[in-house]
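Quick note on numbering: the sequence shown equals residues 15 to 288 in my numbering. Quick reminder that beta carbons are idealized off the backbone N, C-alpha and C, glycines included. Heads up, the thing below is written out as structure tokens.
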Amino acid sequence: MTKLLEILKYLLLGAIQGITETLPISSSGHLIILSSLLGIERNDDLTFEILLHFGSLIAVIYFYRKTLLKLIKSFFSYLFKKDKDCYTDFKYVWLLALATIPAALIGYFFQDYIGKNLANLLTVGVALIITSVILYVINKMPKGTKQKENITWLDAISVGIIQAIAIIPGISRSGSTVSMGLARKFNIENAVQFSFFLFIPVTLGATIIDIIHFLENPIAPTLLIPYIIAFLTSIIFTYISLKIFINVIKKGKLVIFSIYCLIVGILSIVLNFI
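Written out as structure tokens, the structure reads:
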């Protein structure tokens with residue numbers, strides 16, 4: 015019975031990761047809250063969290079697989095053949111690379127500090143309230159019409175900076191990056207797509223960095239099966255919630271997530287002092 019309850023705990027964590035990674039309500043914040051409520055110890059090096067993020071990464075890549083393949087083909091066609099029809103995609107890939115730099119630097123230099131000092135209920139609560147405000151404000155702004163070919167380097171670096179800030183637990187990565195995209199007048203489809211394309215290199219980079227920590231502090235044999243279950247669950251739920259998020263944002267209903275983040279943020283702060 016004890017082993018079954020342990021497995022159910024990690025299955026729930028995987029589901030929460032998958033749902034909250036794509037929805038603008040902070041996956042890292044929810045994992046901290048849930049871990050606190052269930053009494054699950056979190057590794058200081060965030061190995062478990064990054065494992066779940068890697069599961070979400072697989073789901074995002076699969077969801078956008080056709081677009082990603084087209085981008086890759088177009089990038090190399092322009093690079094080696096100077097095919098003018100491929101220039102927009104070539105430029106788009108470089109803008110994604112540019113936007114990745116801020117989060118890569120912050121993650122590399124401050125990941126351990128954040129894991130040890132900011133992964134707590136108080137930080138999560140305050141950050142979720144900030145996320146709530148961001149979502150509320152952006153929901154009131156007029157929708158933009160900027161297409162992929164019109165995205166500038168300033169647009170890219172703006173989204174990249176907000177993604178770097180979102181490394182703080184409770185600041186929603188998807189919510190903040192999509193919001194910045196909309197603030198820069200991206201149309202909804204491009205704002206969502208740019209946000210989740212940015213998730214790919216950052217998560218890959220974090221996973222590569224974490225391999226070093228993993229080799230130094232490997233998963234205990236008793237946790238191997240629960241970790242695998244959580245990993246697979248995060249893949250499934252990320253794919254499902256991504257579809258839901260796209261439908262919701264197209265309907266202009268971000269205020270729903272704003273209210274949710276406000277409530278959970280307040281509850282997290284209250285739990286911190288209990």
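As assigned by DSSP and simplified to three states, the class of residue i
i           : result
residue 90  : helix
residue 265 : coil
residue 315 : The first residue shown for the chain is 15 and the last is 288, placing residue 315 beyond what the model contains.
residue 287 : coil
residue 194 : helix
residue 47  : helix
residue 39  : coil
residue 183 : coil
residue 97  : coil
residue 165 : coil
residue 53  : coil
residue 78  : coil
Residues that DSSP places opposite residue i in a beta bridge
i           : result
residue 160 : 200
Nearest-angstrom Cα separation, counted from residue j out to residue i
i           : j           : result
residue 192 : residue 267 : 13 Å
residue 215 : residue 72  : 12 Å
residue 36  : residue 131 : 25 Å
residue 109 : residue 166 : 8 Å
residue 53  : residue 42  : 16 Å
residue 75  : residue 200 : 22 Å
residue 59  : residue 98  : Confidence at residue 59 is low in this model, with a pLDDT of 41, below 50, so the placement of that residue should be treated as unreliable; the coordinate-derived value is given next. Going from the Cα of residue 59 to the Cα of residue 98 covers about 45 Å.
residue 198 : residue 239 : 44 Å
residue 248 : residue 66  : 6 Å
residue 211 : residue 17  : 37 Å
residue 257 : residue 136 : 31 Å
residue 27  : residue 50  : 12 Å
residue 309 : residue 220 : Since the first residue of the chain shown is 15 and the last is 288, residue 309 is not available in this structure.
residue 190 : residue 138 : 15 Å
residue 40  : residue 33  : 10 Å
residue 283 : residue 163 : 43 Å
residue 84  : residue 204 : 15 Å
residue 188 : residue 68  : 15 Å
Checklist entry - So does the stretch 271-279 actually touch the stretch 148-167, counting three or more Cβ pairs closer than 8 Å? => result These segments touch.
Next on the checklist: Under 8 Å, with one C-beta from each stretch per pair, do the stretch 110-117 and the stretch 171-182 reach the 3-pair mark?
Outcome noted: yes
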